[in-house]
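Quick note on our numbering: the sequence shown kicks off at 22 and runs consecutively.
Glycine included, every Cβ here is placed at the ideal spot set by N, Cα and C.
For reference, the structure is listed below as structure tokens.
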Amino acid sequence: MNTLFKRRMGGFSLVELMVSVVIGLLALLFATRLVVRGETNKESAIGGSDSMQNGMLAMFQLSGDASIAGWGLNDRTVAGCATTFSDQRGYQLLTAKRDGVNITPLAAVVIQSNGANPDVISFNSGSSNAGVGSVLMNGDYNGESYIVGAVGSPYGYNSGDVLVVAPQSPDRPCTVVQMAGFNPASMHDAEILLQSGSDYRYNPAASMTQAYAKSVTFMYNLGQPDQLHFHTWSVSNGVLLLRATDLTGAEQAGVSVADNIVSIKAQYGFDTRVLTDYDPNPSGNGTSLVATANGGMQLGAWSASMIDADSDGSSGGLGDYQRIAAVRIAVVARSKTVQKPAPGASCTATTVMPTVFSTNVPSGVTAVPQQVNVAVSGDTVDWKCYTYRVFETIVPILNSQYRP
Numbered sequence: 022m023n024t025l026f027k028r029r030m031g032g033f034s035l036v037e038l039m040v041s042v043v044i045g046l047l048a049l050l051f052a053t054r055l056v057v058r059g060e061t062n063k064e065s066a067i068g069g070s071d072s073m074q075n076g077m078l079a080m081f082q083l084s085g086d087a088s089i090a091g092w093g094l095n096d097r098t099v100a101g102c103a104t105t106f107s108d109q110r111g112y113q114l115l116t117a118k119r120d121g122v123n124i125t126p127l128a129a130v131v132i133q134s135n136g137a138n139p140d141v142i143s144f145n146s147g148s149s150n151a152g153v154g155s156v157l158m159n160g161d162y163n164g165e166s167y168i169v170g171a172v173g174s175p176y177g178y179n180s181g182d183v184l185v186v187a188p189q190s191p192d193r194p195c196t197v198v199q200m201a202g203f204n205p206a207s208m209h210d211a212e213i214l215l216q217s218g219s220d221y222r223y224n225p226a227a228s229m230t231q232a233y234a235k236s237v238t239f240m241y242n243l244g245q246p247d248q249l250h251f252h253t254w255s256v257s258n259g260v261l262l263l264r265a266t267d268l269t270g271a272e273q274a275g276v277s278v279a280d281n282i283v284s285i286k287a288q289y290g291f292d293t294r295v296l297t298d299y300d301p302n303p304s305g306n307g308t309s310l311v312a313t314a315n316g317g318m319q320l321g322a323w324s325a326s327m328i329d330a331d332s333d334g335s336s337g338g339l340g341d342y343q344r345i346a347a348v349r350i351a352v353v354a355r356s357k358t359v360q361k362p363a364p365g366a367s368c369t370a371t372t373v374m375p376t377v378f379s380t381n382v383p384s385g386v387t388a389v390p391q392q393v394n395v396a397v398s399g400d401t402v403d404w405k406c407y408t409y410r411v412f413e414t415i416v417p418i419l420n421s422q423y424r425p
């Protein structure tokens with residue numbers, strides 16, 4: 022037997038063994054990189070899908086509310102009226118500024134702008150089939166347990182309905198009350214009764230605190246109490262929250278609607294035209310018409326806060342609320358997955374906080390862009406480790422154009 026054959030019979034040499042180990046390690050390294058890259062791509066795809074789904078859900082809810090906002094509140098004496106409102110279940114109207122003073126306006130949309138941080142947005146509407154169903158007050162009110170309306174039961178008014186008592190004079194607040202039917206006594210059928218108790222959640226007492234004069238005060242029917250559509254949207258710790266009058270348990274603290282929503286933003290769209298047509302009979306409120314017969318509502322300016330849109334010298338007055346033609350909404354959603362940077366390195370999934378409302382729409386209307394703070398309070402992960410999606414839409418306040 023020759024020497025070469027004897028060496029082969031003895032197995033691999035050390036050099037051959039080392040070469041095999043190196044080749045195996047290289048193959049393992051490439052396989053590991055392939056797996057890691059695949060997992061990274063999968064996480065990125067899943068994270069993008071999550072943010073897409075959450076953002077679309079949030080935008081669907083907000084835009085849906087905006088599309089019906091103002092139903093029953095579009096009368097010129099109601100829209101924007103500073104309102105006395107009380108709910109035994111804890112719902113509160115959103116406050117806004119009128120010439121620097123906080124009021125609780127009754128309007129289709131109310132925005133509490135918070136700069137770069139998430140806004141708080143309210144969309145309000147009634148549910149009465151009559152839409153408004155106004156009735157003139159035929160007797161002075163001075164704290165009685167009833168309101169004198171028209172003789173006989175007005176069409177569409179039922180026991181338990183929520184009413185807005187609105188004066189024609191803008192210096193007096195409106196009041197939201199709940200009727201307890203009509204006085205059954207003979208010759209008193211025009212008296213709309215007010216009662217307290219758990220059955221009348223919007224009546225803290227059996228009377229109102231505000232006095233109203235007959236013939237210059239109207240009552241508007243918003244429908245049944247559990248169908249009163251007052252919704253307030255906010256974001257807290259990356260969760261979209263809803264407070265609502267028509268959702269049991271959501272009146273005070275709100276309920277979670279979607280997670281990984283880091284911000285919602287909104288802007289009013291105002292009709293800022295200087296009109297030559299004025300109401301020949303303004304009934305004491307002095308506000309100009311907000312639309313001509315052939316022009317309708319025309320959006321002229323975006324603003325996150327109330328402005329003096331009707332040029333009457335008052336910012337956030339009744340006429341300004343009547344000039345809200347549309348609302349611009351943005352939702353910022355983030356991915357559930359978190360980027361895992363190399364040891365000692367920083368995340369680069371997102372390097373600049375997103376900006377919303379940066380496009381000039383409609384054509385000729387100047388945009389008012391807003392950079393959004395997407396850092397979530399209390400989150401131990403850097404905001405740069407997430408990816409974000411921005412959803413925007415513009416919703417016309419249709420009911421502002423169909424005034425009774």
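Nearest in C-alpha terms to A325, of all of D140, G91, G170, is D140. In this structure, DSSP gives I89 a helical state, which the three-state scheme calls helix. Distance from the CA atom of V395 to the CA atom of N95, rounded to whole angstroms, is 35 Å.
For A287, the pairing in a beta bridge is given by DSSP as I350.
Annotated as distal: Q231 and P191, with beta-carbon spacing of 8 Å or more. The stretch 242-296 contains, as complete beta strand (DSSP E) runs of 3+ residues, the segments 250-257, 260-265, 276-280, 282-291 (chain order). Within 10 angstroms of the beta-carbon of D120 lie fewer than 16 other beta-carbons, which makes it exposed.
Under the 10 Å beta carbon count, R54 is surrounded by fewer than 16 other beta carbons and is classified as exposed. DSSP places L339 in the uninterrupted alpha helix (DSSP H) bounded by 339-343.
Excluding five sequence positions before and after N258, the CB atoms of its chain that fall closer than 7 Å to its own CB belong to V397, S398, G399, given in chain order. Two segments are said to touch when three or more pairs of C-beta atoms, one from each, lie closer than 8 Å; by this definition the stretch 359-373 does not touch the stretch 227-243.
By the neighbour-count criterion, in which a residue is buried when 16 or more other Cβ atoms sit within 10 angstroms of its Cβ, N281 is buried. Per DSSP, reduced to three states, the secondary structure at G170 is coil, with no helix or strand assignment. Per DSSP, reduced to three states, the secondary structure at V395 is coil, with no helix or strand assignment.
With fewer than 16 other Cβ atoms from the protein chains shown falling within 10 Å of its own Cβ, Y176 counts as exposed.
Our two residues, A265 and N204, have alpha carbons roughly 31 Å apart in a direct line. It is roughly 12 Å from the alpha-carbon of A201 to the alpha-carbon of P246. The continuous stretches of beta strand (DSSP E) do not include L114, and DSSP gives it neither H nor E. C-alpha of V416 to C-alpha of G317: approximately 16 Å in a straight line.
Secondary structure in the stretch 350-422: the beta strand (DSSP E) runs of 3 residues or longer, each lying completely within the stretch, are 409-417 in chain order. Ranking W254, V185, S332 by CA distance to the CA of S284 puts W254 first. Just so you know, the alpha carbons of A48 and V36 end up roughly 19 Å apart. The C-beta separation of L184 from L243 comes to about 7 Å, placing the pair in contact by the 8 Å criterion. In this structure, the CA atom of A346 is about 8 Å from the CA atom of L419. Per DSSP, G181 is not a residue of any beta strand (DSSP E), being assigned neither H nor E. Residues of the same chain with a CB within less than 7 Å of the CB of D333, apart from the 5 flanking positions on each side, are G340 in chain order. In this structure, the beta-carbon distance from G290 to W323 falls below 8 Å.
Taking 8 Å as the cut-off, the Cβ atoms of Y241 and S155 count as close. Setting aside the 5 residues that flank it on each side, A271 is surrounded in the same chain by L263, R264, A265, each with a C-beta closer than 8 Å to its C-beta; the list follows chain order. Secondary structure note for Q216: it is in no beta strand (DSSP E), with a DSSP letter that is neither H nor E. Secondary structure of I328 (DSSP, three-state): coil. The residues L261, V278, A279, I282, I285, V352, A354, F412, in chain order, have a CB closer than 8 Å to that of A79 in the same chain once the five nearest residues on each side in sequence are set aside. Scanning G45, R349, G76 for the CA closest to the CA of Y409 turns up G76. For T53, the secondary structure class from DSSP, reduced to helix, strand or coil, is helix. Judged by their CB atoms, Q273 and G111 are nearer to each other than the 8 Å cut-off.
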